[in-house]
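First the structure, in the form of structure tokens, and then the observations on it.
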Amino acid sequence: IRRQRQMCIRDSSYTTTKPIKMLKIEIIRKIKYHVRTHLGKRLWHLFVDCKFHLRNWHYLKKLRWKPARQNKRLYFVIDNRLKHPGLADRFKAIIGCYYLAKINDLDFKIIYKTPFKLEDYLSPNKVDWLAGFADLDYSIMDTRFLNYSDWHGLPSLKKEKQYHCYNYIGNDILLQIPNSKVMWSNLFHELFQPTKILSDAISNTGLKLKSYIAVHLRFVNALDNFESGHFNGLNEEHAIDLIERCKKAIEQIYIKYGKDTDVICFSDSKRFLDSIKESPIKILDSTSIGHICFNNDENHILKSFLDFYLISRSIKVFRIFAPEMYVNTCYSLYAGIMGECEVEDLWV
156 IRRQRQMCIR DSSYTTTKPI KMLKIEIIRK IKYHVRTHLG KRLWHLFVDC
206 KFHLRNWHYL KKLRWKPARQ NKRLYFVIDN RLKHPGLADR FKAIIGCYYL
256 AKINDLDFKI IYKTPFKLED YLSPNKVDWL AGFADLDYSI MDTRFLNYSD
306 WHGLPSLKKE KQYHCYNYIG NDILLQIPNS KVMWSNLFHE LFQPTKILSD
356 AISNTGLKLK SYIAVHLRFV NALDNFESGH FNGLNEEHAI DLIERCKKAI
406 EQIYIKYGKD TDVICFSDSK RFLDSIKESP IKILDSTSIG HICFNNDENH
456 ILKSFLDFYL ISRSIKVFRI FAPEMYVNTC YSLYAGIMGE CEVEDLWV
């Protein structure tokens with residue numbers, strides 16, 4: 156920080172306040188990142204539980220001494236004042252909460268209006284889950300907060316109460332039950348079906364159901380500046396080496412499957428997709444690649460839903476991993492689970 160401050164003072168083109176502030180924020184993010192990745196599992200769970208309970212204090216001032224208008228309901232709420240994970244982690248929490256609502260005989264509702272409306276891309280299928288913030292009650296007698304995580308087991312909820320899930324972590328609570336993958340897929344399709352805008356985007360690709368192999372690679376910041384908060388950037392030499400190793404893995408997939416079917420590559424790295432343009436591997440339009448936590452325009456959001464659905468419609472999903480890449484991704488895994496596809500992991 157001291158060196159950066161001196162550089163800012165010497166360079167008249169800099170204003171001193173903004174770069175120093177940004178640098179401090181970046182240092183804090185790095186500290187949080189290393190704490191998160193190096194804490195023991197139990198300490199991490201304790202930290203998350205404490206954070207969730209502190210967040211709930213924000214809503215205590217809304218509580219009133221009056222009964223709720225609607226009990227026997229569980230609301231999953233996306234609140235723009237809280238930080239939320241990626242699309243697959245949100246789906247895992249939504250499906251987990253829906254499962255809890257079902258086994259506890261509660262109605263299930265979703266309030267997802269920010270930074271985009273979920274109903275613009277997915278519409279209710281067998282369950283009317285649409286709700287708004289005005290539907291929420293904050294009753295001292297009847298309202299309860301549900302903090303969603305997988306390390307507390309399957310909670311038993313009271314049927315006469317109204318539950319709000321603001322706080323969640325991107326884990327799958329259904330893994331604690333038999334046949335969890337089939338159950339997850341069934342619950343997803345009970346809740347959701349594509350809207351016209353998403354259906355049209357799927358049709359416009361020309362990809363027929365179960366007619367191709369999907370390959371997914373999640374680089375995060377290894378090759379591009381994709382997502383804030385991850386520190387796995389590579390120098391040019393190591394970046395080129397990683398690209399070549401991944402290309403060889405895809406070539407082997409093509410040798411095995413490419414004679415009979417198309418092989419489609421999905422990735423969060425435009426650089427990598429550009430590197431295979433001249434190969435027989437097919438790619439989709441990569442101009443709108445972006446993480447929904449940081450890119451909120453309609454094209455980026457539609458692209459996230461589109462890729463998820465296209466991966467789910469494949470014959471088989473290959474996930475390619477390397478030590479330099481983001482190995483905890485579940486985006487293509489849960490797309491495969493949703494579409495009941497075989498998923499295979501390859502390490503390079």
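To get my numbering, take the position in the sequence shown, counting from 1, and add 155. Just so you know, even glycine gets a beta-carbon here, dropped at the ideal spot from N, CA and C.
Rank the options by C-alpha distance to the C-alpha of residue i and give the top, closest one.
i, options, result
"Glu495", "Val337, Ile182, Glu433 and Leu461", "Val337"
"Asp379", "Asp292, Asp423, Lys402 and Phe347", "Asp423"
"Leu364", "Glu392, Lys206 and Gly491", "Gly491"
"Val482", "Pro349, Leu285 and Asp500", "Asp500"
"Asn376", "Trp502, Gly361, Asn451 and Leu397", "Leu397"
"Phe463", "Met493, Asn451 and Asp440", "Met493"
"Lys257", "Lys313, Thr360 and Leu428", "Lys313"
"Asp234", "Arg245, Asn259 and Tyr267", "Tyr267"
"Arg228", "Ala248, Phe246, Leu237 and Leu255", "Leu255"
"Ile470", "Leu461, Ser443 and Tyr367", "Tyr367"
"Gln317", "Tyr409, Thr269 and Lys264", "Lys264"
"Ala223", "Glu479, Tyr293, Asp415 and Asp452", "Tyr293"
"Asn226", "Asp260, Trp339, Glu399 and Ile395", "Asp260"
"Lys351", "Lys196, Leu201 and Ser278", "Ser278"
"Ala248", "Leu329, Glu274 and Phe288", "Leu329"
"Gly524", "Phe202, Thr484, Gly361 and Glu479", "The structure shown does not extend to residue 524, since the chain spans only 156 to 503, so no value can be given for it."
"Gln348", "His307, Thr360, Ile405 and Leu273", "Leu273"
"Ser340", "Ser467, Leu291 and His393", "Ser467"
"Leu362", "Tyr409, Leu439 and Leu309", "Leu439"
"Leu465", "Thr360, Ala404 and His307", "Thr360"
"Pro310", "Asp415, Leu291 and Gln331", "Gln331"
"Phe202", "Trp306, Tyr409, Ile405 and Asn390", "Trp306"
"Leu461", "Tyr276, Thr269 and Asp415", "Tyr276"
"Asn451", "Asn390, Leu346 and Phe271", "Phe271"
Among the residues of its own chain, which have a CB less than 8 Å from the CB of residue i, if the five just before and after it don't count?
i, result
"Arg157", "Unreliable positioning characterises Arg157 in this predicted model, as indicated by a pLDDT of 40, which lies under 50. The coordinate reading is nonetheless provided below. Once the five neighbours on either side are set aside, Arg157 has no close Cβ partner at all."
"Ile295", "Leu218, Arg219 and Trp220"
"Ser168", "Confidence is the limiting factor: at Ser168 the pLDDT is only 37, short of 50, which leaves the residue's position unreliable, though a coordinate-based value still follows. Closer than 8 Å at the Cβ level, and outside the excluded window around Ser168, lies no residue."
"Leu514", "A query on residue 514 cannot be resolved here, the shown segment of the chain reaching from 156 to 503 and no further."
"Lys402", "Ser430, Ile431 and Ser434"
"Cys252", "Leu229, Phe231, Phe263, Leu301, Tyr303, Cys320 and Tyr323"
"Phe343", "Phe246, Ile250 and Met493"
Excluding the 5 residues preceding and the 5 following residue i in the sequence, name in chain order all residues of the same chain whose CB lies nearer than 6 Å to its CB.
i, result
"Met162", "Its pLDDT being 36, under 50, Met162 is placed unreliably in this model, and the value from its coordinates should be taken loosely. Correct list: empty, nothing qualifies."
"Gly240", "Just to set this straight, residue 240 is Pro in the shown sequence, not Gly. Cβ neighbours of Pro240 beyond the five flanking positions: Gly325."
"Lys437", "Asp417 and Ile419"
"Thr172", "Model confidence at Thr172 stands at a pLDDT of 45, short of 50, so the residue's coordinates are unreliable and nothing is read from them."
"Trp502", "Phe476"
"Ser443", "Asn454, His455 and Lys458"
"Tyr486", "Ala243"
"Thr484", "Arg373"
"Ala394", "Leu378"
"Gly445", "His455"
What are the start and end residues of the beta strand (DSSP E) that includes residue i?
i, result
"Phe374", "Segment: none, Phe374 is in no beta strand (DSSP E) and carries neither H nor E."
"Arg228", "Arg228 to Val232"
"Tyr319", "As written in the sequence, residue 319 is His, which differs from the Tyr given in the question. Counting along the chain, the beta strand (DSSP E) containing His319 begins and ends at Gln317 to Cys320."
"Lys272", "From DSSP, Lys272 is part of no beta strand (DSSP E); its letter is neither H nor E."
Might you give, ordered along the chain, the residues of its own chain that have their beta carbon closer than 7 Å to the beta carbon of residue i, omitting 5 neighbours on each side?
i, result
"Gly413", "Pro435"
"Ser441", "Lys425 and Leu428"
"Asp166", "Note that Asp166 scores 38 on pLDDT, short of 50, meaning its location in the model is unreliable; the coordinates nonetheless yield the value given after this. Excluding sequence neighbours, Asp166 sits near nothing in its chain."
"Gln407", "none"
"Tyr409", "Val418, Pro435 and Ile436"
"Glu399", "none"
Kindly indicate the opening and closing residues of the alpha helix (DSSP H) around residue i.
i, result
"Val143", "Past the edges of the chain, shown from 156 to 503, lies residue 143, and the structure says nothing about it."
"Asp423", "Where Asp423 is concerned, there is no enclosing alpha helix (DSSP H), given that its DSSP letter is neither H nor E."
"Phe300", "Careful: Phe300 lies outside any alpha helix (DSSP H), inside the beta strand (DSSP E) at Thr298 to Phe300."
"His200", "Lys196 to Leu215"
"Gln407", "Glu391 to Tyr412"
"Asp355", "Lys351 to Asn359"
Would the beta-carbon of residue i be found less than 7 Å away from any heavy atom of the ligand COA?
i, result
"Asp234", "Although the ligand COA was asked about, the structure shown includes no ligands whatsoever."
**Message:** Tell me whether the segment 372-379 and the segment 472-488 touch, counting them as touching only if at least three CB pairs, one residue from each stretch, are closer than 8 Å.
**Reply:** yes
**Item:** Validate contact between the segment 355-363 and the segment 456-464 using beta carbons, cut 8 Å, 3 pairs
**Value:** yes
**Message:** Runs of 4 residues minimum, wholly inside the segment 460-498: which ones carry the alpha helix (DSSP H) assignment?
**Reply:** 486-493
**Inter-stretch contact (C-beta, 8 Å, three-pair minimum) for the segment 208-218 and the segment 298-306** = yes
**Prompt:** Does the segment 196-212 touch the segment 274-289, meaning 3 or more C-beta pairs lie closer than 8 Å?
**Reply:** no
**Prompt:** At which residue ranges does the segment 236-266 contain complete alpha helix (DSSP H) runs of 4 or more residues, listed in the order of the chain?
**Reply:** 242-258
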